[in-house]
Structure formats: structure tokens, C-alpha cells
Amino acid sequence: MRILRKLGFNLFTWILVLLVAFPLVWMILTSLKPQTELFRIPPTWLPETVTFEHYWRLLTETPFLIYFRNSVVLATTTTVFVVVLGAIGAYSLVRFAYRGRETLATLVLFTYLLPSVVLIIPLYLMMVELGLSNTLASLVLAHTTFALPYALWLLRSFMEGVPEDLESAALVDGASRMGAFRDVILPQLLPGIISTALFTFILSWNEYLYALVLVNSDAVRPLTTGVMTMLISAFNIEWSLLMAASVMMSLPLIVVFAFLQSYLTRGFGAGAVKG
Amino acid sequence: MATAAHAGHRLERRYARLGVFLIAPTIVVFSLVIVYPLLAAIYLSFFSVYTPTLEGEFTGADNYIRLLTNAAFWNSLITTLIWTVGTLSLQIVFGVGMALLLHQNLWFRSLARSLVLFPYFVSTVVAVLVWRWLFNDLYGAINHGLMQLGIMDMPLDWLGTMPNAMIGVILVGAWKYFPFVVIAVLARLQTIPEHLYEAAKIDGAGPIARFFDVTLPQLRSVLVVIILLRAIWDFKEFDLIYLLTGGGPVTSTQTLSLLVYQEAFALNEMGQAAAYSIGMMLVMLVFMLVYIRRTAREA
Amino acid sequence: MAEVVLKDIRKEFGTFVALERLNVAINAGEFVALLGPSGCGKSTTLRMLAGLDFPTAGEISIDGRVVNDVAPGKRDIAMVFQSYALYPHMTVAQNIAYPLKKRGVARPERDAAVAKTATLLQLEPLLNRKPRQLSGGQQQRVALGRALVREPKVFLLDEPLSNLDAKLRSYMRAELIELHRRIGKTMVYVTHDQLEAMTMADRIAVMHDGRLQQFDEPEIIYNQPANRFVAGFIGTPSMNQLEGAIAGSSFVINGEQVPINRALYEQALKDGPVVLGIRPENVSLSGGSLPATVRLVENAGHEQIVTVEIPGGHRLLAREASGQRPSVGQTCQIGFDADFIHLFQPGENGSRFETTGQAHVIPMQAQRSASDES
Amino acid sequence: MTLNRFMSTGVRRRSVLGGMAAVGAAAAMPRRIRAQETITLRWWSPQSSPEQLAAYETQMRNFEAQHENVQVVFERTSDEGYAPQLAAAFASGDVPNIVTHLPSFAVSDYWSAGLLEPFNDVIDMVGPENYYEGANQIYEIDPGVYAGTGIGNSAANMLWLRTDLMEQAGIDEAPRTWDQLRDAVSRMQGGGIFGAPLPYGRNSMTSLIFIGVIHQAGGQVFSPDLQVAIDSDETRNALEFYRSMREYCPPGATNYSWGESLTAFVSGATATGIYTGRVLINVANQNPGIADYIDCVLYPTVSEDVPAWTFNDFPSVFIPRQASNMDVTKQFAAFLFDPEGYIQQLHAAPGHVLPVLWTISENPEYLDNPIIERYTPQVDLMAAAAAEGYNLGWESQGHQPNVKAGEIINSNVISEMVQRVVLNDENVDQVLSDTSSRLEEIMGS
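Protein chains in written order, with our numbering: chain A, 41 to 315; chain B, 122 to 420; chain C, 41 to 414; chain D, 74 to 518.
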């Protein structure tokens, strides 16, 4: 009886899980079908012939790899930039006393409310002023508009979780404030930093609107807009290439996710729970 | 109260200066990429501005008067609310449910967790593409799956007519974002002490009573935060809806973000767009403050 | 060896005044306990000594040097935290070596110093472990080691024993006394546990509500508490305090008279309201004049604590040697040992009327053994 | 005080917007650094199929070979994305040197805002005598000055037919009127094949195609002097026709735009199609099985009395006024019409973009292409149709150029009208009056 119940529970849960995962499975299956099989009515549930030609075409005939490189550079730079700023900013907000600190923290929350569409034109003008238009740097700066508040907020709750005594001990032991930050706080903050870095990376990797407006050359275009512009046009929608591109766009996230899943959960644990 | 006459302040002041120094880069970046554009947007909202040239006339509150009197803003606001409430409640219900299931002793639990959390991490572009392909009228798996199962006999137009389009968008939004709820709830579930359940069991509570009497109160603090965060994000969601339906049919899925985009870049009315976006922010602010006050009072 | 002086210290947190006009002068080599209930300002005081908090006004000096503007690391102090604050990502050896490293001590000397400290505290087998692999007592010893290794002028200890179980605590207490005797450094020890303060300190600074109540040797604190707060805070069970009045040479409560040694107070005492304080061990259950009813008897083996109620509903505690056990409900005539009666000004924190003689001082030894058992 | 005066100098405008931030620092920073010796020209286009890209590559390399120190880079934009991208570019002054293949009404829109460089020099370099008669008329918004020129013509609403399916259904003649079309599609629909892939989406294609349908009903959106004239019986008729076609279109047609519509016909899912000559190469590449059974005719009208109205979006070339290195830019613009590269560009999708120069149409190299050879009558038909084509920016010979056409298309006013009537079944009178007032609002803004 108990076995049956267990079996039932597992079956039920796994069906749900597979339903959730189905779009991703379908994405992979579609990307493996030859073009002719794609428009079969009704569709074939499993590919009759498996082909990697779409992947091959993407890699050899399109700027996919350039977009990919751009996305990697963009997401990595954004992540490093935001996490460094966020970590020292959070240190300041949590462990220092000065006037206006609370107000600042509230303002950070307020910046969540800003929709990207509001900021985009002034941002673009500024990028031109700074001589950054049509560069990855402009996207890095633009991505900080949403990534930095989030990172700061996450890191702040992580920072609050590092016992104050540790820093005090380091100070008494002869460290300066920054010395204590480096020797004692950073190592303690590491899981938080990793998790924040992951979230930032994901946000940046997936961003669409800024990338659409702020850059316009294949040399600096990231994957999101690159793939859309390249494969959806007035003359064709290359579903098979789109699905292959989708799979490859998600690959780095799969890899990162597989290795660092526990950090992500921890990040939510600290960030979301403590608010 | 801290005057220079007091002894013992130099070190404190030095620390305070260091603190300010450390937050300074963040403040600079914030001013540069958030505060300044925001002020510029507010400034623009008092002009009638042609987007490509940013030239135009000062029109005072005209844009705001049009916002108040024109149906466009209010219709989009209602659409936005329907979308937000719809997708958010699905996210919460499904997210909490899935978290409870994944908290149990499941076969291959970590694989199941990875699969469930994955939609949150794929790009919106990818998610939209996959779903548009699934929803495709001629070759889509959903229509044919449902037809093969005998649930319907004609392909359904998922994204082109109402109410299907709104349902479709809400469904995809829920699919994309419910893992966020799962992760947060899962993290919290792991911290609920087992003895609470044992106590409830001894008191004769069944699984359902245990959920409502033990689990839910323990999840309250998390849910308060997640609902706030997700509500804000859903409210200003652009990519997903823009790429999925573009706001159609007619304007049935044109949320405020899309309205702003359309006004700014299709109609080249930057000033009006800025006014809409300021209005949108004010609405969000009001909702947020009410929400925070209410949940704070209940807590 | 260094003396530590706190002069006219005031500390505000926003509008809340945490410390007011605090003056404490600690002699070189002295072991001083800062004692008080939580929130009394003792930890803030210690953190200000360490340079982790800043006085709103006043002056702190260590070894004759004003250190208000000196960073913690340059004050030549060491501190042991209640949480131990061991660096979780470092091994025991790295933890102990950290203060030396920060002071630029060369590697070989550092290793030697760590080895020496480890020997002193019997930490050798643990040197390569991480803090989380240690028991509470072991962590405590590592924290001590980290403080000791540098041989600072002053040790600051913030409730270092409060996270240990009772048995280990009493062991570590002895260890600390021994340690202080051996190294002879100035130590400032914050605790809320009066027993720790009484047993370890050369002098105790009793604090309450941000003010210093009394700063003196344990015997004097015990036998001549400065005010009702100190009287009530020191000693277990605490001193009985009865509100009544002086009439002639007697203390009157509810119309009953209790004779007092009027001569001892003659300069200060006038007729009028007053609070009488008497420790439980100076209350006898028979042979007195105050009628009382036994309400509760708690047997602790070699002694028993008896709660009695006198007319007017006041309850008193009496400490009796084991033997004959009074029964609940029994009535008796209780009496106070007149030599040990304290008289306080009325009011919540009324100060004690000074006696003119020292007649009622009892040997410390007896006190210690009595309180240890509690 | 007007913002215009405030901002008109550009520098002043930026200082207004920039003053709020730390622009002191920004001003001190070096502007975009251009190496002295190398000039970079940026070329934008939404047309970027692999074959077209290859052709562009040839043109750019050839030009670079002739001009030392010049480098041309191609940057792709998209039909839905060019508006915000160009808006941002114009607003910042960081513009591309040359933009091709945008519809003519986008040109007139930007021209009227004073954003474009007059094109007369380039047209002179290409040789006005080489153009088809009147080919540049649509760009002559201000008398004597051209805002741009065409890089090609398109006949975007050709009716594509599957002759094999017609035969099966017993239809021997291509439909000429709406009734014949309805009859034909209803007979060909079945067996998983739908009749037509008309767009009902909230997008530019629906607007553009439906404007054609209004004209095919004998109506017009604006009167020749640009008064709103959409609230007419002809429009009601057109809406009625469009509604009646819904049942012959795939369910997802409510979201169709160019790509979906094209793919539906090419993949064989619909019996008729509505598109340019791009169909030819897509069929050859993706579904060669039906290559022998495709044909195209002008899209039917309400009756034989009403002439066909071909939608030509007039793929254009223009140069932003703020573009750098104007001389070289103009040379490059003219060089785009150099036969070798131009022909390769046209061959990238034969019949899709049709030449604007008669000298090219008659060039043997242009005619030497398997698809053009195979479908000569169709290509000729499209060329003729396109030459007489119009669009919302220029509804007929008699119409004044409409500089607001781009905004009208982008605002989706027309496609929303279609959706409200066809999908939501709303009251036609109400919808038309709403649409009229919205059009007037846009015209007045």
C-alpha cells in the first residue's frame, strides 16, 4: 500500500515536471529535425531522421559565434562590474554609519520600479556623449540599471548574514577596514557573491530591449537580438535554426546551472527570504 | 549632535568617509544610468517631442491631461493588471505546489529540480520562440497533441484572438517565472523545523490541515517578498509580451510597457511616452506602498 | 602591563543615551569585570575600549595614551568575543597567526609563536582543523589563543564563557584565573553573570542603565552594595528588600518592629521611609519577632531555600542548612541578624546608608562556597 | 519658450539633457575616435538574407578596392526594429551613412523632420536618364529636391497560386474579382490545406495589405489633398471582404506577418499566397516539389471595373543629414547602382526587389539567371505592376506625398481597425469613426 502511494506520488510529480520541461524537450527535438520534416502535419513527435545540419549552419554560415562571443563578454563584464560595485556598496550600506544611508537603501528599492523603456532614450544620448554608442560598454552600463539594484539588494542580505564580530575581530587583530573586508568578509561572502554573480549573468545574458536599441552592428550585437534579427525576417522564419540557436544559447546556462545549482538556491534563500 | 568639539570622532569620521567612499561608485553609476535618465524622462514629459530629433515644444501638462482623458492609458492599465494578477497568481499557486512536491522524497529529486527551475534561466527570447513554435497553428505540438488526445478537433488560434491571446501570454509568463517562486519557497521550506509538523501530527492534523496550519504561516514572510518582487517585474514586463503577441489582437495584450514603447518609437511621441511611463511608475508606487503597508500591518 | 582609563564617557545612539558620565580607572595588571544586566552598556563600553564603537564624549586612554582616534588594531589590545569570531575559512593555526601576520611578523617567528600558544592552551592536535570541526570549548581556547599570541597590553573579553555548558564554564573559569595570574596582563571582562565576576575579578564595575553603580572589590560589592540595584543584582538568591520606615531604633513594617543596629547608621539615619535589605543567609526562621508563614521549601541538598510570607503579603527568602525541614503552611517567628541589615534610601535605585563601622564584613571564602552551589 | 529653440543647435540640446549628469567629465572625454587615415562608412538595411549579404559584401569590397582608406561595414536592422534604432541614432547624431530598403514613407517621414541629406547629387551620379520614367517622383517631397531614391521596386501583394491545386479543384482561370477569389479558395481548401494566408495580425503587414484592399474596393485612405477619407462604403466593402476571407486562412493568421504568410504558401500549407517575388527563390530552396506549379497574378479587386492596385513599398536609399564623410558616402550610394554589384543584389532574391533602372532590366547579365529565365512572364508581370505601384505615402498619381504614412503604419491604426471588425466583430461604423479620428490625430500631430 505504501509502495503504491509512493509510486503514485512519484508518477504524478514526474508527469508535472515533464510537462514543465516539455517545451525545452520540444526545442531540442525540433532542432534535430531536417527542414522537410519540420512542416509535417501532424508533426512527428520524435525526429525520424536526426540531423545536426542546423547547428553546423549556425556555426559556419551565420554570425552566431560572434553574437555568442559578444554575449559572453557582455554578461561577464556586466557581472564583474556589478558584483564589484555591489559588494563594496553593500559593505558600505551594512557596516558603515553615515548620514543618508537609510535613504540610499530605500532609493535602491525604488529603482526596481523603473521600466526600461523610460530610461532608454536618455541612456542612448548619454552613451553617445560618452563616445560609447554602438559598443558593448554601452550595454554593460545599460544593464547595470536593472542588475545593480538587484545585486546590491542580494549582497546586502548576504552581508547582513556575515557576523559583525568577525570583522570586529579582524580590526582588533590589526587589520584595516579594507583589510578586514578582504581577509575576512570576502571569504564569508563568497557563496553570496557567486549566487549574485549567477543571477546577474543570467539577467544580462537574457536581456533584449536595450540590446535592440543601443547597439546595431553585428560586431557587438548579443545573442538575444542577434538571433531574432538574423532568423526572423520578412522573408523567412527559420524555425529549425531558431531552435538550434535557442539550444545553443541556453547551453552555457545549463552548464553553469548544473555546477552551481546549490548556490542559486542559497541565493534565493538569503535574498528573497530576508527581503 | 556630533560636533567637532567632541573628542573621539576622528576615527569615526574616518570610517564614515570610507563608507561614503565605498558607496560612491555605486552612487555615481546610479546617478548616471538611473537618476539622470529618469530626470530626463520627467523633463521630456512636459514637451511634445519628436523622437528622432528630440525637438519639440513645451506643452506643460498637456501630455498628462491626455493621459488622464485618453482611454489608451487606462485600457492598458487594465490589461496590465489582468496580466499581472493572472500570471502572478498562477506563478504563486503553481510555484508553491511544485515546491511542496519537490520538497518531498522524490526519485531523482535533484534532476527534477533542475528541470523545473530551467524555464527561469532560459532567455525570454528563447522562451517566446519555443512557445510560438508550440502554439503554431499549422505545425504546433500543442494543437496536434490536444487533437490527438481528442480534446479538440480543430487547431486553436492561441495567440491571435481573445481571450486566447491573454490566456496564452499569462500561461507562458507563468511557465517562465514560476520557478522563481519554487526556488524561494523551497529554500524556506528547508528551514521549517520538523518538530512543528510532528507537533501538528500529534494534534491530529491531516496533510491538508498541516499545510494550512504549519506550512503556510511559515511561508508567509517569503511569499510577501516574492509577491512584491514578482508583481513589480510582471507589471513592467516588456520582452515577453512584445515578442509573443506584440500587444495584439488589437490592443488586448498591450500592457503599459508596450504602450510606452509604441508611443515612443512607433508614433515618435517621446514626450507622451515619457508621461505614460511616469504615470506607470506612479501607479506601481501606489500599489507598492499600499501593499507594503498592508502586509506590514498584518505581520 | 597598562592601566586603562575611561573618563567622562558618554555614548548616544540617536536619541538613546547608552552611557552617561562613565568614569573607570583600571590599574595595570588588574582583572576587572564589567557586570550588569543586558542593555546596561557594558558591551558598548568594551567595544569603545577596543575602538569598535565611538564615545559621543569623553576620553579613553590606555597606558597613558589617549586612544580615541586610534584604530583598533593600533591600540595594542586583544579581544575575545562571545561568539569567538573565529575566521571560518582559516585553520586554527591561521586563526592564531592572523594578528601576527597583520603586524608584519615574519613567518618563522609567527610559527614559533603559534606553536608556543598552542602548547599553552593544549591546541597542538587541532592546529590544522577548521573552526567548525571544533567543539565549543576548543573554539573558546582558539579564541583565547588568538588573543594571547600577540602579547598585547590589555585583554578584552566579551562574555567569553556564556556559550559553554555549566561544567566547562566552571573549568574555563579556573583556567582564566590561572592564566591571568601567570601572564599578569590587564584584563577587562564583560559578563552578565555575577558569579563569574565575583569569582574571577579583582574588581567589579557594576553597571545599570548606562551608569556605573559601583566599582570595587567583590567582597565590598557583596557586603556593602552601593544601592538597591547592586544589592539585588549580586548574590543568589538575591537580597531581600522590604519597604518600611524607621521609627526610633527600629525598622517598622506593617506595624511589626524589627530591631536594627541604630548605632551603625547614626549619622545618616532619620525617622522616615526606608528600605531594609537582608540576605537570605542572615534570615533565621525561629527566634525572631516577625510572624511569617512558610510558603515554599526548595531543597538543594546541603541547604534549603525557604520562602516565607510576612503580614502585608511580602515574601522573603531564607537560607537554612539542611536538616529539619519546615513544612509548607507552618507559621514561625523570623528574625534578622542585626549585623547584616542594610538600609537603603527609598526609591527604585535608592543608595545605601553608609555604616560607620565594618562589623558585618564576612570572609570572602565563605561567600564563594555558598554561591558556587547555586 | 519652445523646446525647439532650446534644443535646435544640438549642442545646446545635449547640454540641457546632459547638464544634469556629470557631463563635465563626458565633455572632456575624447569623442568617438576615428583614425585619420581610414574612413568607415556604416550601411544599414533590414534586408539581409544570406544571398543578399553576399551581394552586399561584393559591393562593399569592390568599392573599397576603388577607394583607398575607405572601409564599409554592414549593420543589419529589421522591419520591426528600424524605427527605434533610427530614432536613437538620429537623436544622438550617431547615424549610419547610408540606409537602404526602408519603405519610401519612412524616407518622407524623416525628410519632413529635416533629418536627411538631399539626394540630387547621387541621382545625378547614377544618371537620371537611366531611371524608369517617374521612378523618383515619390521622393520629390519638396519640389526639385529628392529625399532619397529607390534601390528597387517591389510588388508586395501579388496573388500567388498553386496551379496543381487549381487543376484539382477544376479552376481553369486565375481569379480576377473577389468573388472569383472566394470561390477559388473555398474549392481549393481542404485536406489540411488552407485557402489563403492573409494577415490579420497587429502589425505593419496587415496595415499595408489592407490599404491595398481598400484601393481594390475602389476606395482610398486619404483624399488627394490628404484629408482622411477612410470612412467610406468602399472601406466597409473591403472589411466585409477581408472578414469573409478569414475562414480560408489558417487559425494563426491572426498573428501573421510577412514571414509567416510567405512560409505558409511556400511550405504548401495554403493554396494561394500574397507576397513579392521572393516566393520564387524560397520555393526553389525549401519546397522544390511545387516549383512547377506556381504562378502569380495581380491581386483581385471588387469588380472588373476597379483596376488592380499594387502595393510597392519602394525600397529606398537615403543618407542622414548628420552622416560623416558626405562625399564618399554619396559616391558609395551611387556605387550601389553599379551593374555588377546591383545585379548580384537583385539576383539574391530574383523578382523580390526589381530594378529601378531600365538599363539594368535590359542588361543581359540581369536576365541571365535561372529563376528569372524560368519565371520570365511572372517577373515581367511583377516589374510592370511594381512600376505602377503605390503605397500609403503616395496613394495615387494625384496624391500629395504623405509624410505621416510611416507613423500611421507603425501606430497600427489600420491593422487594429481590421482586427476590431474581423476578430472582435465590433460595429463597423463605430470602428471607422474611431479610425478616422485617430488618423486625423496623427496627421495633426
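C-beta atoms are modelled at their ideal positions from N, C-alpha and C, and glycine is treated no differently.
By the criterion of at least three beta-carbon pairs nearer than 8 Å, the stretch 211 to 226 of chain A is not in contact with the stretch 127 to 142 of chain D.
Taken through DSSP and simplified to helix, strand or coil, G312 of chain C comes out as strand. Listed by position along chain B, the residues whose Cβ is nearer than 9 Å to that of L293 of chain A are F239, F242, V243 and S244. Pairing T374 of chain B with I482 of chain D, the inter-Cα distance amounts to about 19 Å. Annotation: the continuous alpha helix (DSSP H) that includes S235 of chain B extends over R230 to F242. Between I303 of chain D and S484 of chain D a beta carbon distance of about 14 Å is seen, past the 8 Å cut, so the two are scored as non-contacting. Within the stretch 110 to 127 of chain C, the residues whose Cβ lies closer than 8 Å to some Cβ of chain B are V110 and A111, listed in chain order. By the CB criterion at 8 Å, S71 of chain A and V255 of chain A fall outside the cutoff.
T240 of chain A and T84 of chain A do not touch by the CB rule: their CB atoms are close to 40 Å apart, not below 8 Å.
In terms of beta-carbon proximity, P265 of chain C stays away from the interface with chain A, with every pair separated by 8 Å or more. R261 of chain A sits buried, since 16 or more C-beta atoms from the chains shown fall within 10 Å of its C-beta. About 7 Å separates the beta carbons of A422 of chain D and S122 of chain D, which is inside the 8 Å limit, making them a contact pair. Counting the other CB atoms within 10 Å of its CB gives E413 of chain D a total below 16, which places it among the exposed residues.
For the C-beta of L153 of chain A, the chain B residues within less than 8 Å are, from N- to C-terminus, I353, K357, M402, M405, L406 and M409.
Taking a C-beta cut-off of 7 Å against chain A, the contacting residues of the stretch 131 to 161 of chain D are V146, E148, R149, T150, S151, D152, G154, P157, Q158 and A161, listed in chain order. Straight-line measurement puts the Cα of L229 of chain A at about 19 Å from the Cα of A305 of chain B.
With a contact defined as Cβ atoms closer than 8 Å, G268 of chain D and V258 of chain D qualify at about 3 Å.
A Cβ-Cβ distance of about 6 Å is found for the pair L204 of chain C and G177 of chain C, placing them in contact under the 8 Å criterion. With respect to the C-alpha of P297 of chain D, the residue from D:P474, D:Y212 and D:L454 having the closest C-alpha is D:P474. In the DSSP assignment, H174 of chain D falls outside any alpha helix (DSSP H) and carries neither an H nor an E. M287 of chain B: member of the alpha helix (DSSP H) spanning N285 to L310, first to last residue. Here M231 of chain D carries a strand assignment [DSSP, helix/strand/coil]. By the C-beta density criterion, L250 of chain B is buried, having at least 16 other C-beta atoms within 10 angstroms. As a beta-bridge residue in DSSP terms, R105 of chain C pairs with C:I102. Rounded to the nearest whole angstrom, the CA to CA distance from R335 of chain C to G341 of chain C is 19 Å. Against chain D, the beta carbon of N257 of chain B has neighbours under 7 Å at G325, listed in chain order. S389 of chain D sits close to I224 of chain D, with the two beta carbons spaced by under 8 Å.
Against chain C, a Cβ distance below 7 Å from H130 of chain B picks out F94.
Here the stretch 450 to 470 of chain D lies against the stretch 226 to 236 of chain D, with 3 or more beta-carbon pairs under 8 Å apart.
Apart from the 5 residues on each side of it in sequence, F256 of chain B sits with its Cβ closer than 7 Å to the Cβ of I263, W279, L280 and G289 in its chain, given in chain order. L356 of chain C: member of the beta strand (DSSP E) spanning R355 to A361, first to last residue. A direct Cα-Cα distance of roughly 40 Å separates I49 of chain C from A155 of chain C. Annotated three-state conformation of W279 of chain B is coil, per DSSP.
Shown here for F108 of chain A: same chain residues with a beta carbon closer than 7 Å to its own, the five before and five after excluded, namely L263 in chain order. When only Cα atoms are considered, N63 of chain C and L226 of chain A end up about 38 Å apart. In this structure, V491 of chain D places its C-beta atom within 8 Å of the C-beta atom of F283 of chain D.
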